[in-house]
Amino acid sequence: MAGEYRFSFGPWNVHEGADPFGPTVRRSITFARKLKLYKKLGFDGVQFHDDDAVPDMNGLSPKDITKKAKEVRQMLVDEDLTAEFVAPRLWEDERTIDGAYTSNDKKAREYAKDRSRRAIDIAVALETKLIVLWLAREGTYIREAKDSKVAVDRLVAAIDDMLDYNPDIKIAIEPKPNEPMDQAYIPTTGHALALASLTHNPKRVGVNIETAHTILAGLDPSDEMGFALACDKLYTVHLNDQNGLKFDEDKSFGSVDLRRAFNQVRILDKYNYGKKGEFVGLDVKAMRTQKQDAATKHLSNSRTIFLRLVELARSLDERKVNELIAARDYEELDLLIVNHLMGK
Ligand code: GLO
Ligand code: MG
């Protein structure tokens, strides 16, 4: 069953444990050493920020960026790995303090578009067609700081620019309602798909649904996935878990609410997620308390939990489920599901 699903994570998911209130607690691991971890942990796909592949890319010419990205492609080949996607990292530059595509400053917007084109060049060199857009700073701290109608126009223009730049790429918008901003402009799957419909080529714009982000928006992750599946727009997922409305925790998949995780796996498996080449992407962080040598367990554990939940989804007595639905006996259905999760 593991072979039916291919799993991916990003190099940022093996991290040093710094948080806004304290420094790093683990040593850095080089990118080359991180790549060696993938297969051992059961992963085949690498998610990239553009500068995970080409560090300090702002100081390089487009030609040099492509050259360096091709070297990384060779590293992937050597490790028998695939690049899943490239995401322009638009939130760390001093020009994008107040947003990238939606900044009030034209120079910042131009930088963001240019950087996105370079990210596409990197994707081409890494031989992936998928671009992920996490719109980190496209929002506000106070309502009056930007015009929300203009912001959407600018997001459409930026996405159109990318679609025109390369006719082969597909873009997966990763909605998130807040953090780092107080209010983000594209908080949910519905917003992302409405935005897609405004672009030149809606067929090439879909979503990357992250469990924690849907929970922060007060929504159910499996329903968000069902919505995207019905629209044929679920290009990838960022599975993890989240303990209620607090900072974005990126906990191991299924570690907070097993039933919620079960329902995500159930809908993905039911509608053949992965059969068109989609990866089961994780976006999980190790707890800050983990020691150096044990700081990859969150990845292998999330994968293990996913695969066990596939088994549970497939062994659920669907005939019984349908009988209870027909009888509208949802109390009994509730017990059936909880018992199933408890192995009864
Ligand atoms: C943060 C996001 C982030 C993105 C990543 C890929 O909340 O989940 O980790 O997924 O930068 O664009
Ligand atoms: Mg994510």
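Numbers in the numbering used here are just positions in the sequence shown, counted from 1, shifted up by 100. Every residue gets a Cβ at the ideal spot worked out from N, C-alpha and C, and that includes glycine.
Handout entry: For K351, the nearest candidate out of A386, K139, K206, T314 (CA to CA)
Key = Numbered from its first residue, the sequence shown carries residue 351 at position 251. Relative to K351, the option among A386, K139, K206, T314 whose CA is nearest is A386.
Practice task
Would you identify the three-state DSSP class for I269, choosing helix, strand or coil?
Solution key: Position 169 of the sequence shown, counted from the start, is the residue given in the question as residue 269. Reduced to three states, the DSSP call for I269 is coil.
Practice task
Sort A284, N343, S161, E274 by Cα distance to V307 and report the nearest one.
Solution key: Along the sequence shown, read from residue 1 onward, the residue named residue 307 stands at position 207. For the options A284, N343, S161, E274, the alpha carbon positioned closest to that of V307 is the one of E274.
Handout entry: Span of the beta strand (DSSP E), counted from its first residue to its last, around L230
Key = Taking the sequence shown and counting its residues from 1, one reaches residue 230 at position 130. Here the beta strand (DSSP E) through L230 covers 230 to 234.
Practice task
Mind listing, in chain order, the continuous beta strand (DSSP E) runs of no fewer than 3 residues lying wholly within the stretch 121 to 162?
Solution key: Given a length threshold of 3 residues, each whole run of the beta strand (DSSP E) inside the stretch 121 to 162 is given here in chain order: 145 to 149.
Exercise for the section: Compare the Cα-Cα distances from E104 to each of D369, T336, L176, H313 and report the closest residue. Expected result: As a position in the sequence shown, residue 104 is number 4, starting the count at 1. Closest option to E104, Cα to Cα, is D369.
Handout entry: 3-residue-minimum beta strand (DSSP E) runs that sit fully inside the stretch 284 to 354, ordered along the chain
Key = Whole beta strand (DSSP E) segments, 3+ residues: 305 to 310, 334 to 338.
Problem - Nearest to F143 (by Cα), restricted to the options E171, D268, D253, R106 - result: Start at 1 with the first residue of the sequence shown, and residue 143 comes out as number 43. Answer by Cα proximity: R106.
Exercise for the section: Give a yes or no on whether the C-beta atoms belonging to A251 and Y285 are separated by under 8 Å. Expected result: In the sequence shown, residue 251 corresponds to position 151, counting from 1. In the sequence shown, residue 285 corresponds to position 185, counting from 1. Yes; because the gap between Cβ atoms is below 8 Å, this pair is in contact.
Exercise for the section: Provide the residue span of the alpha helix (DSSP H) that contains S400, from first to last. Expected result: Residue numbering aside, residue 400 sits at position 300 when the sequence shown is read from its first letter. First-last of the alpha helix (DSSP H) with S400: 397 to 415.
Practice task
Return the chain-ordered list of same chain residues with a C-beta closer than 8 Å to the C-beta of K136, the five sequence neighbours on each side being excluded.
Solution key: Within the sequence shown, numbered from 1, the residue matching residue 136 stands at position 36. Same-chain partners within the cutoff: E179.
Exercise for the section: Could you tell me if the beta carbon of A225 falls within a distance shorter than 7 Å of some heavy atom in the ligand GLO? Expected result: Indexing the sequence shown from 1 puts residue 225 at position 125. Checking the Cβ of A225 against the ligand GLO gives no.
Problem - Counted within 10 angstroms of its Cβ, other Cβ atoms place A294 as buried (16 or more) or exposed - result: For the purposes of this step, residue 294 is taken as residue 194 along the sequence shown, with counting starting at 1. A294 sits exposed, since fewer than 16 C-beta atoms from the chains shown fall within 10 Å of its C-beta.
Exercise for the section: Would you decide whether L424 is buried or exposed? Buried here means 16 or more other CB atoms lie within 10 Å of its CB. Expected result: On the sequence shown, residue 424 is found 324 positions in, with the first residue counted as 1. By the Cβ neighbour-count rule, L424 is buried, with 16 or more other Cβ atoms within 10 Å of its own.
Problem - Residue interval of the beta strand (DSSP E) (run including E184) - result: The residue you call residue 184 lines up with position 84 of the sequence shown. E184 -> beta strand (DSSP E) spans 182 to 187.
Practice task
Report the rounded CA-to-CA distance for P345 versus K163, giving the unit in angstroms.
Solution key: The residue labelled residue 345 in the question sits at position 245 within the sequence shown. The residue labelled residue 163 in the question sits at position 63 within the sequence shown. It should be noted that the sequence gives Leu, not Pro, for residue 345. Going by the C-alpha atoms only, they are around 44 Å apart.
Practice task
Measure from the alpha carbon of W191 to the alpha carbon of each residue in R209, M175, Q174, then state which is nearest.
Solution key: Reading the sequence shown from its first residue, position 91 is the one you call residue 191. Residue R209 is the option with its Cα nearest to W191.
Exercise for the section: Using 10 angstroms around the beta-carbon of G239, count the other beta-carbons present and answer buried if the total reaches 16, otherwise exposed. Expected result: For the purposes of this step, residue 239 is taken as residue 139 along the sequence shown, with counting starting at 1. So G239 counts as buried.
Exercise for the section: Taking only heavy atoms of the ligand GLO into account, decide whether any of them is closer than 7 Å to the Cβ of G229. Expected result: By 1-based counting over the sequence shown, the position of residue 229 is 129. Going by the sequence as given, residue 229 is Lys instead of Gly. Within 7 Å of the C-beta of K229 there is not a single heavy atom belonging to the ligand GLO.
Problem - Boundaries (first-last residue) of the beta strand (DSSP E) holding F109 - result: The residue labelled residue 109 in the question sits at position 9 within the sequence shown. Per DSSP, the continuous beta strand (DSSP E) segment holding F109 begins and ends at 107 to 109.
Practice task
Report whether the distance from the Cβ of D383 to the nearest heavy atom of the ligand GLO is below 7 Å.
Solution key: One-based indexing of the sequence shown puts residue 383 at position 283. Yes; taking the cut-off as 7 Å, the Cβ of D383 has a heavy atom of the ligand GLO nearer than that.
Practice task
Drop a sphere of 10 angstroms on the beta-carbon of Q364, count the other beta-carbons inside from all chains shown, and report buried for 16 or more, exposed for fewer.
Solution key: Taking the sequence shown and counting its residues from 1, one reaches residue 364 at position 264. Its Cβ being crowded by 16 or more others within 10 Å, Q364 is buried.
Practice task
Run the proximity test for E274: is its beta-carbon closer than 7 Å to any non-hydrogen atom belonging to the ligand GLO?
Solution key: Translated into positions along the sequence shown, residue 274 becomes position 174. Set against 7 Å, the gap from the CB of E274 to the closest heavy atom of the ligand GLO is smaller.
Problem - H338 versus I405: straight-line alpha-carbon distance, rounded - result: For the purposes of this step, residue 338 is taken as residue 238 along the sequence shown, with counting starting at 1. For the purposes of this step, residue 405 is taken as residue 305 along the sequence shown, with counting starting at 1. Annotation: H338 to I405 spans about 15 Å, alpha carbon to alpha carbon.
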